[in-house]
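J.: Numbering-wise (the working numbering), the sequence shown opens with residue 65 and increments by one. Backbone N, C-alpha and C define an ideal beta-carbon position, used for all residues, glycine too. This structure is a prediction, so every number in the text was calculated from the model and none was measured. Could you have a look at this structure, given as structure tokens, before my questions?
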Amino acid sequence: MGIPTFFLALFAALILLAATVTVYFQVYKRRINKALKVTEGKRTSMVPPYKAAIVMTIIVLLIGILISYFAGYYYAYKQYEEDVWVMSSSDIQVFYAEVKKVDERSLLVEGISLNDENYRGEFQYDDLWEGLSVYSKDTAIKLSDLSEGDLVSITLLTDRTGHTNIFKIQLLADVN
Numbered sequence: 065m066g067i068p069t070f071f072l073a074l075f076a077a078l079i080l081l082a083a084t085v086t087v088y089f090q091v092y093k094r095r096i097n098k099a100l101k102v103t104e105g106k107r108t109s110m111v112p113p114y115k116a117a118i119v120m121t122i123i124v125l126l127i128g129i130l131i132s133y134f135a136g137y138y139y140a141y142k143q144y145e146e147d148v149w150v151m152s153s154s155d156i157q158v159f160y161a162e163v164k165k166v167d168e169r170s171l172l173v174e175g176i177s178l179n180d181e182n183y184r185g186e187f188q189y190d191d192l193w194e195g196l197s198v199y200s201k202d203t204a205i206k207l208s209d210l211s212e213g214d215l216v217s218i219t220l221l222t223d224r225t226g227h228t229n230i231f232k233i234q235l236l237a238d239v240n
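In structure tokens:
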């Protein structure tokens, strides 16, 4: 694990501040000494070193704030990207149901008594996507192949926004 890049950038900005202020002090001292020796000509005045140090400190603080903002944003977004795809056991639920009605893109089921209390009763799923996984044993079938009275297991998947969708439907027993 190395030193984060933003620390290196902040360190470089501090070194740049120190070098600039040191060089400015040296130039200021030379100019003052030269001005004291030669008093007859017009001379241009330089900004006093303490003012230059204050301005450079403000610039370094602003650079530090910008670096901190972008570094925080980068690491927070990176952490978010990593956490989005991590699934917990509460994100996947399975319940068993009897098919009551099947249409092309909707399904009405009734949870059986073996389920948790939350998955008993009727559930209507509308706008099911075409790529929905529906299986009978190990064979993929179409949603329209299900018929009233079929016993199915329904796997639900909850995404990070809290939206729950059907991930998979498994036909458990053929009534035919």
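#1: Out of curiosity, what's the CA-to-CA distance linking L196 and L221?
#2: Of the residues M120, Y183, V198 and N182, which one's Cα is nearest the Cα of V166?
#3: Assess contact between the region 155-171 and the region 108-128, defined as three or more Cβ pairs (one per stretch) separated by less than 8 Å. Is contact present?
#4: If L235 and L210 are in contact, beta carbons under 8 Å, what's the gap, nearest whole angstrom?
#5: Going by Cα to Cα distance, which pick from K232, N182, R224 and G136 is closest to E203?
#6: Counting along the chain, where does the beta strand (DSSP E) carrying I206 start and finish?
#7: Quick one: complete beta strand (DSSP E) runs, 3+ long, within the region 116-188?
#8: Which of the three DSSP states is assigned to I230 in this structure?
#9: Is I67 helix, strand or coil by DSSP?
T.: In terms of the structure at hand:
#1: 12 Å
#2: V198
#3: The region 155-171 and the region 108-128 do not touch, with fewer than 3 CB-CB distances between them shorter than 8 Å.
#4: 7 Å
#5: A small correction: the amino acid at residue 203 is Thr; Glu does not occupy that position in the sequence shown. Checked all of K232, N182, R224 and G136; the closest Cα to T203 is K232.
#6: According to the sequence as given, residue 206 is Lys; it is not Ile. Segment: none, K206 is in no beta strand (DSSP E) and carries neither H nor E.
#7: As far as the region 116-188 is concerned, its whole beta strand (DSSP E) runs of at least 3 residues are 156-166 and 171-175.
#8: strand
#9: coil
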